[in-house]
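Position 217 (the sequence shown) corresponds to 263 in our numbering; numbering is contiguous.
Even glycine gets a Cβ: it sits at the ideal position worked out from N, Cα and C.
Reviewing the structure listed below.
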Amino acid sequence: MKRRELLRGSLVAGAGAALGAVGGCGPTGTEPQAPVTFEPGGSLPWINWAGNQSCLPNWRLAPVSEDQLVGVMKSARGVVRAVGGSHSFSAVVPTDDTLVATDLLSGMIGHDPERLQATFLAGTRLNAMGPMLDAVGQALPNMPDMDYPALGGSIANSVHATGSTFGSASSYVTALTLATPSGELMECSADRNAEVFQAARTSIGALGIVSRMTLQNQHAFDLTEVNRVENMNDVFDDIQARLRNHRHFECFPMPYSSQCITVATDIAAPADANAGEDDPNAVNTLRNLYEATAWIPRVGHGLYGAILDSVLSGESTTVRTGPSYRVFPHVRIVRFREMEYTVPAAAGPECAREILRTIEARRLPLYFPLEVRYVKADDIWLSMFEGQDGCSISVHQFGDLDYRAPFAEIEPIFWKYGGRPHWGKLHTLDADRLAGIYPRHWQDFQEVRRTLDPQGRMLNPHLKTLFGV
Ligand SMILES: Cc1cc2nc3c(=O)[nH]c(=O)nc-3n(C[C@H](O)[C@H](O)[C@H](O)COP(=O)(O)OP(=O)(O)OC[C@H]3O[C@@H](n4cnc5c(N)ncnc54)[C@H](O)[C@@H]3O)c2cc1C
């Protein structure tokens with residue numbers, strides 16, 4: 047194995063945990079990649095990006111206008127679910143009744159150069175928004191680590207990036223229009239239908255289908271992202287300074303290793319230039335190394351960690367620079383499954399350390415790097431960041447390997463630190479537990495939901511579990 051290859055794999059992980067290639071994930075997976083198949087004459091299956099959620103909707107609709115969307119809401123049969131980019135890991139989308147694709151409700155429909163705001167139809171993919179905003183001199187202040195999802199799906203789940211002075215994507219929504227389950231188009235903002243606005247800014251798609259949103263942006267800007275390999279303990283000990291000194295900072299601790307990848311992103315300086323290269327396939331080297339060593343009785347995991355430490359330490363940096371909408375996102379070609387909880391910001395390093403200790407002590411087959419990010423508090427009722435600055439910690443598993451058993455060993459650690467699960471990622475909490483971790487507005491949200499959707503038309507089995515219906 048070439049030292050540089052492994053580093054590249056790690057740096058790809060550092061850029062966002064999409065390690066390895068699908069083809070490199072091996073033929074002996076514990077879960078099929080396509081749990082449903084198309085039977086000629088039957089329903090067209092829907093499957094999510096990770097391949098762990100699927101359904102066979104009887105009706106698949108794709109309205110091209112808000113009028114059509116209203117018609118859909120009035121006439122749709124059975125349970126109605128919206129789908130954006132299908133990038134959620136949890137079962138927030140599936141229904142065998144009516145699936146409403148938002149793809150054709152796409153595009154920027156207005157902008158305000160004074161306020162630096164822009165209005166988009168909700169099906170617009172994040173990767174289409176950057177160039178459209180750039181053309182009018184605006185940019186999103188922050189973006190998640192990949193840009194395939196739709197705006198509507200991102201807001202529904204309170205998607206986030208990293209940066210301790212930046213809120214979640216939902217926190218930049220200043221107004222939205224909701225097609226309610228009864229087929230009304232409801233305009234919502236802090237001044238208009240304010241309670242519905244607070245609920246709809248993170249709704250898990252339970253209140254209806256959002257048709258458009260206005261976002262608070264900023265002037266277009268360039269960024270430079272610097273990836274380094276550093277000692278994990280040093281980084282955790284110094285985390286407050288890193289958060290202060292960089293516009294965006296995140297780290298990717300590597301299980302069984304003393305090293306982590308750090309990613310610091312700041313406003314670009316004129317002399318900044320790209321250096322080094324990403325290889326989205328290189329994570330397979332990490333997996334190959336684990337599989338070649340970890341099975342060896344008694345010493346395997348230690349050997350894996352020692353080799354990893356030796357090839358990673360002292361490696362040089364990679365740099366990516368350019369317009370913000372090109373630097374924030376990364377290429378994702380590896381299937382994986384993910385669990386993420388947000389714990390109070392101050393507890394982040396301690397929680398991450400306990401997860402890493404647990405993985406090592408129990409020899410869990412989790413060698414994908416963790417991802418540790420920071421997000422500013424907001425006031426959105428069901429946002430993971432409601433009322434407190436958060437540290438979001440993700441645990442990943444390759445798409446063809448069992449995630450349930452190892453995730454079950456890690457999830458209680460998140461509970462211990464008061465974690466709130468990402469709505470679009472894997473977790474096992476139900477309404478009783480969730481009500482306890484959203485003490486301020488859980489009931490407010492349920493009241494708005496019951497008012498807008500008294501018959502529960504928007505609730506699939508997963509949402510019924512979440513809301514205790
Ligand atoms: C490779 C990868 C990387 C990821 N990186 C990040 C990351 O950096 N940060 C992060 O926070 N998450 C991340 N995620 C998770 C993902 O971004 C979220 O789950 C996001 O919500 C998915 O958006 P989507 O458009 O694919 O929504 P979908 O999965 O299609 O839908 C999500 C929810 O939104 C609802 N919905 C969709 N459109 C609307 C609408 N118009 N109105 C109302 N409800 C609607 C759906 O019914 C569903 O409940 C990642 C996922 C993957 C697979």
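Of the residues the options, the one placed nearest residue i, counting alpha carbons only
i           : options               : result
residue 111 : 180, 231 and 242      : 231
residue 157 : 348, 220, 433 and 319 : 220
residue 473 : 105, 485 and 459      : 459
residue 516 : 448, 312 and 278      : As shown, the chain starts at 47 and ends at 515. That puts residue 516 outside it, with no answer to give.
residue 275 : 307, 281 and 380      : 307
residue 107 : 134, 136, 378 and 143 : 143
residue 185 : 380, 269 and 131      : 269
residue 336 : 151, 444 and 279      : 444
residue 103 : 482, 122, 141 and 292 : 141
residue 195 : 182, 117, 377 and 367 : 377
residue 176 : 254, 491 and 267      : 267
residue 442 : 405, 467, 309 and 412 : 412
Residue i Cβ short of 8 Å to ligand 1 heavy atom set
i           : result
residue 168 : yes
residue 471 : yes
residue 95  : yes
residue 194 : yes
residue 277 : no
residue 148 : yes
residue 190 : yes
residue 129 : yes
residue 378 : yes
residue 116 : no
residue 199 : yes
residue 272 : no
residue 124 : no
residue 459 : no
residue 373 : no
residue 257 : yes
residue 134 : yes
residue 342 : no
residue 285 : no
residue 30  : No statement about residue 30 is possible, as the shown extent of the chain runs from 47 to 515 and does not include it.
residue 382 : yes
residue 138 : yes
residue 207 : yes
residue 203 : yes
residue 362 : no
residue 250 : yes
residue 254 : yes
residue 294 : no
residue 468 : yes
Nonlocal neighbours in the same chain, by C-beta distance under 6 Å from residue i, ignoring five residues either side
i           : result
residue 243 : 234 and 235
residue 188 : 207, 209 and 212
residue 120 : 229
residue 503 : 126 and 227
residue 487 : 427
residue 252 : 495, 504 and 509
residue 190 : 205 and 207
Other residues of its chain near residue i: CB distance less than 8 Å, five sequence neighbours each side excluded
i           : result
residue 420 : 208, 209, 210, 289, 295, 296, 391, 394, 435, 436, 437 and 438
residue 129 : 92, 139, 145, 146, 147, 148 and 199
residue 250 : 138, 202, 203, 428, 469, 509 and 512
residue 478 : 514
residue 365 : 270, 271, 272, 273, 318, 319, 320, 321 and 322
Residue interval of the alpha helix (DSSP H) (run including residue i)
i           : result
residue 495 : 488-498
residue 373 : 370-373
residue 246 : 240-246
residue 231 : That residue, residue 231, is in no alpha helix (DSSP H); its beta strand (DSSP E) goes 231-235.
residue 8   : No statement about residue 8 is possible, as the shown extent of the chain runs from 47 to 515 and does not include it.
residue 208 : Unbroken run through residue 208: none, as it is neither H nor E.
Own chain residues within Cβ distance below 7 Å of residue i, not counting five before or after
i           : result
residue 462 : none
residue 73  : At residue 73 the pLDDT is 30, less than 50, meaning the model places this residue with poor confidence and gives no usable figure here.
residue 359 : 275 and 305
residue 47  : Caution is warranted here: a pLDDT of 35 is assigned to residue 47, below 50, making its placement in the model unreliable, and no coordinate value can be reported.
residue 277 : 304 and 305
residue 192 : 62, 375, 376 and 378
residue 75  : Note on residue 75: pLDDT 34, under 50, position unreliable in the model; no value is reported.
Residue range of the unbroken beta strand (DSSP E) whose run includes residue i
i           : result
residue 389 : 382-390
residue 157 : 154-158
residue 144 : 144-147
Length-filtered (4 minimum) alpha helix (DSSP H) runs lying within the region 167-199: Segments of the alpha helix (DSSP H) lying fully in the region 167-199: 172-181.
Within the region 250-335, ranges of the beta strand (DSSP E) (whole runs, at least 3 residues): DSSP runs (the beta strand (DSSP E)) wholly in the region 250-335: 255-262, 268-277, 294-299 and 305-313.
Inside the region 338-368 only - alpha helix (DSSP H) runs reaching at least 4 residues: 346-358
Unbroken stretches of the beta strand (DSSP E), 3 residues or longer, contained in the region 95-137: Listed in chain order, the complete beta strand (DSSP E) runs (minimum 3 residues) inside the region 95-137 are 105-107 and 126-129.
Uninterrupted alpha helix (DSSP H) stretches inside the region 437-470 (no shorter than 4 residues): List check, alpha helix (DSSP H) in window: 450-462.
Every unbroken alpha helix (DSSP H) within the region 394-419, with a cutoff of 4 residues, ordered by chain: 394-407
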